[in-house]
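For reference, the structure discussed in these notes is given below.
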């Protein structure tokens, strides 16, 4: 039976090629998932009530509110547009706090999960202490770090938010940590891979000139991977903005909080005002990060 399976796989690889075999396997898996979930296009057809809600919502896309739609608004309430800007600022603050923690964890764990330091040249040395570290300590540190990174990445920030909300209440620090944990794990994984895949020419030149392992790592490897690390960090910051917005649905004063409140009160014009504010915020951050990326890369 084993020989038959091996012959069958070899026939597939020769007859179809690896890429075609992979594509066919993915398509087969997708079809199987559709059948198992009993997905039907008819399920996307809304009811008459759903059509009315959808029309009421999307019809306000071209006419967002500039004032509150509620019949009664307290006199000390700030204007709607100013409140949207305040919520956008709070969203940025949450995202910045989360990314600050995530970057610290990502750099530290990314260093520990990088094979460039633990396995061999150019970042490693060749002395007896280094040899002992590679044989005895490196496998433990490297393996445990990889497991920790996988654990951090496997739990979504919304799950962390629910856990911290139940444990610590509506705390700003718990919201920042809820975003920082999975983001830190993702940064650590990507940073370690970027360092391991960075060009080695400068590092080998440093090693040949007699530089220490730390000098080779800091001045030969890390600078070659730094532009890509910075670019990816900015991308994750944009993701943190969206995550901090979603945390508003849990009660944190970000844009998501006001989007949820306006939607529940059927104030669809206000919802679109906050959505356009979020869109403008993402576009602004994307432009700003693009300008900084060009400066760092250059």
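Numbering (my numbering), first residue to last: 7 to 304.
Each residue gets a CB set at the ideal place from its N, CA and C atoms; glycine is no exception.
* Quick one: give me the first and last residue of the alpha helix (DSSP H) that residue 203 is part of. => Within the chain shown, the letter at position 197 stands for residue 203. Where residue 203 is concerned, there is no enclosing alpha helix (DSSP H), given that its DSSP letter is neither H nor E.
* To do: Just mark residue 98 as buried or exposed, buried being the case when its beta carbon has 16 or more other beta carbons within 10 Å.
  => Here residue 98 corresponds to residue number 92 of the chain shown, with the count starting at 1. Residue 98 comes out buried.
* Every unbroken beta strand (DSSP E) inside the segment 219 to 290 [3 residues or more] -> none
* Asked: So is residue 296 buried or exposed if we call it buried at 16+ other beta carbons inside 10 Å?
  -> What you label residue 296 is simply residue 290 of the chain shown in a count that begins at 1. Classification of residue 296: exposed, given that the 10 Å Cβ count is below 16.
* Determine, using beta-carbon pairs with one atom in the segment 142 to 154 and one in the segment 166 to 182, whether at least three such pairs fall under 8 Å. => No, the segment 142 to 154 is not in contact with the segment 166 to 182.
* To do: Let me know the secondary structure DSSP gives residue 145 once reduced to three states.
  => As a position in the chain shown, residue 145 is number 139, starting the count at 1. Here residue 145 sits in helix by DSSP.
* For residue 210, the first and last residue of its enclosing alpha helix (DSSP H) -> For this step, residue 210 is matched to residue 204 along the chain shown. From DSSP, the alpha helix (DSSP H) with residue 210 extends over 207 to 214.
* Asked: Pairing CB atoms from the segment 65 to 74 with CB atoms from the segment 83 to 101, are three or more of them under 8 Å?
  -> yes
* Drop a sphere of 10 angstroms on the beta-carbon of residue 188, count the other beta-carbons inside from all chains shown, and report buried for 16 or more, exposed for fewer. => In the chain shown, counting from the first residue as 1, residue 188 sits at position 182. By the neighbour-count rule (16 or more Cβ atoms within 10 Å), residue 188 is buried.
* To do: Starting from the Cα of residue 113, find the closest Cα among 55, 50, 165 and 200 and give me that residue.
  => For the purposes of this step, residue 113 is taken as residue 107 along the chain shown, with counting starting at 1. Residue 113 has its Cα closest to that of 200, out of 55, 50, 165 and 200.
* Secondary structure of residue 300, DSSP reduced to three states -> Here residue 300 refers to the residue found at position 294 when the chain shown is read from its first residue. The answer is helix: DSSP assigns residue 300 an H, G or I state.
* List the whole-angstrom C-beta distance separating residue 247 from residue 287, where the pair is believed to meet the contact cut-off of C-beta under 8 Å. => Indexing the chain shown from 1 puts residue 247 at position 241. Indexing the chain shown from 1 puts residue 287 at position 281. The pair is a contact, with the Cβ atoms about 6 Å apart (cut-off 8 Å).
* Buried versus exposed, by CB contacts within 10 Å (16 or more), residue 64 -> Counting from 1 along the chain shown, the entry for residue 64 is found at position 58. Exposed.
* To do: For my contact list, residue 166 and residue 184 are in at a C-beta cut-off of 8 Å; report their separation, rounded to the angstrom.
  => In the chain shown, the residue the question calls residue 166 occupies position 160. In the chain shown, the residue the question calls residue 184 occupies position 178. About 4 Å separates the two Cβ atoms, so the contact holds.
* Asked: Where do the ends of the alpha helix (DSSP H) carrying residue 23 lie?
  -> Position 17 of the chain shown, counted from the start, is the residue given in the question as residue 23. In this chain, residue 23 is not harboured by any alpha helix (DSSP H), its DSSP state being neither H nor E.
* **Inter-residue CB distance, residue 103 and residue 182 (contact presumed, cutoff 8 Å)** => Within the chain shown, residue 103 is the residue found at index 97, counting from 1. Within the chain shown, residue 182 is the residue found at index 176, counting from 1. Right, the Cβ-Cβ distance comes to about 4 Å (below 8 Å), so this counts as a contact.
* Distance between beta carbons of residue 283 and residue 298, contact taken as under 8 Å -> Your numbering for residue 298 matches position 292 in the chain shown. Your numbering for residue 283 matches position 277 in the chain shown. Contact flag wrong, Cβ pair sits at about 22 Å.
* **Unbroken stretches of the alpha helix (DSSP H), 4 residues or longer, contained in the segment 152 to 209** => Unbroken alpha helix (DSSP H) stretches of 4 residues or longer found wholly inside the segment 152 to 209: 163 to 174 and 178 to 202, given in chain order.
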